[in-house]
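First comes the structure, then the notes that go with it.
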Amino acid sequence: MAITIGEAAARLGVEPHVLRHWEHVGALTVRRDANGYRLYDHDVLEQARTVLKLRRVGLSLPEVTAAMSPKKSAAQEVVRAKIAALESEVRSRQQAITFLRHTVECRHRYLEDCADCATFVRDP
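If you use the UniProt record's numbering, the sequence shown corresponds to residues 1 to 124, in order.
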């Protein structure tokens with residue numbers, strides 16, 4: 001049984017315009033009835049849930065569209081690239097935490113007075 005865009009949006013927890021946008025950029029394929037109304041059946045809702053999950057884990061809409069490609073190797077390439085980017089971000093955030101923890105615990109008043117702080121500051 002198919003439902004309307006409003007009902008689909010409510011089930012997914014998004015606004016209808018989000019579903020229209022996903023369809024417009026090719027991340028979602030929705031069939032229409034004789035009057036041109038969008039029809040959301042079980043398969044389309046599952047596709048939308050996948051888009052939503054991929055967006056929530058950080059993929060852009062172009063990445064989502066590529067990750068949902070019928071060609072598995074193309075999808076895997078996009079996902080591997082996102083994993084690498086996220087891992088790089090995690091390393092960068094961990095370095096930031098290490099630096100900030102040191103500054104909190106550092107006995108020096110100013111960063112330039114501490115050799116360890118100066119090393120952190122010089123690292124890119």
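Built from N, CA and C at the ideal position, the CB exists for glycine as well.
So, for residue i: in the same chain, excluding its five sequence neighbours on each side, which residues have a beta-carbon less than 7 Å away from its beta-carbon?
i	result
V64	A27, V51, L54, R55
G6	P16
residue 148	With the chain running from 1 to 124 in the structure shown, residue 148 is simply not present.
Cutting at 8 Å between CB atoms, please list the residues of its own chain near residue i, excluding the five before and the five after it.
i	result
L86	G58
P70	none
Closest to residue i by CA distance: which of the options is it?
i	options	result
residue 129	A75, G13, K72	Absent from the model: residue 129. The displayed extent of the chain is 1 to 124, so no value can be given.
V78	S88, T29, A67, K71	A67
D43	K71, R31, K82	R31
T98	T119, A81, Q76, W22	T119
Q95	S73, K71, R122	R122
What does residue i pair with, by DSSP beta-bridge criteria?
i	result
L39	R31
I3	Y40
With a threshold of 6 Å on Cβ separation, who are the neighbours of residue i within its own chain once the five nearest residues in sequence on each side are excluded?
i	result
V25	L61
W22	L28, V51
Between residue i and residue j, which are expected to be in contact by the criterion C-beta below 8 Å, what is the C-beta distance as a whole number of angstroms?
i	j	result
A10	Y40	With a Cβ gap of about 11 Å, A10 and Y40 do not count as contacting.
D116	H102	6 Å
Every unbroken beta strand (DSSP E) within the stretch 41-103, with a cutoff of 3 residues, ordered by chain: DSSP runs (the beta strand (DSSP E)) wholly in the stretch 41-103: none.
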